[in-house]
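Read through the structure below, which is laid out as structure tokens, and then see the notes.
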Amino acid sequence: MSEVEKDTLVLHTGFEYDEVTGAVSVPIYQVSTYQQDALGGNKGFLYSRTGNPTRSALEKTIAALEYGSRGLAFASGLAAISTVLLLFSSGDHLVVSDVTYGGTYRLITKVFKRLGISSTFVDTTNLQAVKAAITPQTKGVLIETPANPLMNIADIQAIADICHSGDIKLIVDNTFMTPYWQNPLLLGADIVVHSATKYLGGHSDVLAGLVVAASEELGEELYFLQKSTGAVLGPQDSWLIMRGIKTLGVRMEKHENNAQELAQWLRTLPQVKRVYYPGLQDNPQYAIAQKQARGFGGMLSFELASREVAEQFFSKLKLITFAISLGGVESLICLPAKTTHAAIPIEVREEIGIRDSLVRFSVGIENVEDIKKDILQALKQD
Ligand SMILES: Cc1ncc(COP(=O)(O)O)c(C=O)c1O
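Numbering of the sequence shown is given in the working numbering, commencing with residue 284 and proceeding in unit increments.
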């Protein structure tokens, strides 16, 4: 159903109604195994690690929303990324965005490095730096755009061209934009990954990860890895993500409207030293963000005077929740240097600009004036 607009598509793709009962919400198939009529005579499902009808509905939905050939659902975003990285072998090399979720950084530098897969972290907003980091052993480039937490934008199409001038797979973490705003596969990426824990679930109540492959061949390889390693998403959680996706359109519009207004407003406050948001026109990558996505999303970051000021600010917030994670309907705020990005060594963090005074803000869908009031009262000196 690709001829309809995105807000219609999120409601009408992957699963319309149950063939047997007509149920308009996908049934939760809480089952591990399936009766067979004869050897090989099954009804499409054998065992829930290799396939489950509820998970399958979600996998079809995300494949359609990302315009890919196959979708796969995992127990968390990091389970999804780990499975994708298992495409690579000892001796292979990866190029990765230097500004990246701390858990992804830890996975690559502490786990995959041990398996003989090396990596170089570069500023992927700089195409020359990406080219310079590629070696004859490079088999994959992994980018986050916008990147967590500085909102740097990498040019997906230009990096896809660099990758495809060799035999290199481009993997894009599309968690911050979601398929509602951005479709990396249409820009030439080979694989999209999501922490569906965030906007796709949307209600801070479930952990999940999704992968979409552009080609059937890559989809088959990833399915083989999914069933071989087994970090699949359970049926209840698959259902929760399906339910979340139905309202993705309205939520993303509201998240973005609030974020756009708050980004402009925050920079007028004397206590705020700098605001990072891709939708600000003087953002260095504004033009690329506009070119490759339909929106700028609901995530922003800002600098306060010091870590102490930030901690005092957090302790006084009443409406906004001080918590890690993002993409839920409620506003969530955190200090990346001490939480989500603590796995990145301090000297690396300082160099890329994730300072102790940087506040990451997942803008919720509350009334924007109430959010402003809460920020103002929390910034007030005693
Ligand atoms: C951009 C990004 N990718 C991946 C992950 C990992 O996802 P999960 O926490 O679902 O494992 C996160 C988590 O914060 C994230 O922000």
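All residues carry an ideal CB built from backbone N, CA and C; glycine is no exception.
- Rounded to whole angstroms, the gap between the alpha carbons of Glu503 and Ser640 is 44 Å.
- Taking C-beta separations shorter than 6 Å and ignoring five residues to either side along the sequence, the partners of Arg557 in its chain run Glu586, following chain order.
- Excluding five sequence positions before and after Gly484, the CB atoms of its chain that fall closer than 7 Å to its own CB belong to Ala491, Leu523, Ile524, Gly527, given in chain order.
- The segment 473 to 488 and the segment 548 to 556 do not touch, with fewer than 3 CB-CB distances between them shorter than 8 Å.
- At a cut-off of 4 residues, the continuous stretches assigned as alpha helix (DSSP H) that sit fully inside the segment 318 to 353 are 336 to 348.
- Between the C-alpha atoms of Asp290 and Leu355 there is a straight-line separation of about 22 Å.
- With fewer than 16 neighbouring CB atoms inside 10 Å of its own CB, Ala570 falls in the exposed class.
- A distance below 8 Å separates the beta carbons of Val379 and Leu425.
- For Val489, the three-state secondary structure derived from DSSP is coil.
- Nearest Cα to Gln660 within the set Cys617, Gln313, Ser598: Ser598.
- Its Cα nearest to that of Ala358, the residue Val515 stands out among Val515, Gln573, Leu600.
- Residue pairing of Tyr559 in beta bridges, as defined by DSSP: Ser584.
- Going by DSSP, Gly423 is part of the beta strand (DSSP E) stretching over 421 to 427.
- Under the DSSP assignment, Lys599 falls in the alpha helix (DSSP H) whose first and last residues are 590 to 599.
- At least one heavy atom of ligand 1 sits closer than 7 Å to the Cβ of Ile364.
- A straight line joining the alpha-carbon of Tyr317 with that of Ser589 spans about 58 Å.
- If you check the C-beta of Phe395 against ligand 1, you find no heavy atom less than 7 Å away.
- When rounded, the separation of the alpha-carbon atoms in Ile654 and Val612 is 13 Å.
- Annotation: the continuous beta strand (DSSP E) that includes His477 extends over 474 to 478.
- For Lys289, the enclosing alpha helix (DSSP H) covers residues 289 to 292.
- In the structure shown, Val303 adopts coil according to DSSP, grouped into three states.
- The beta carbons of Ile648 and Arg534 sit closer together than 8 Å.
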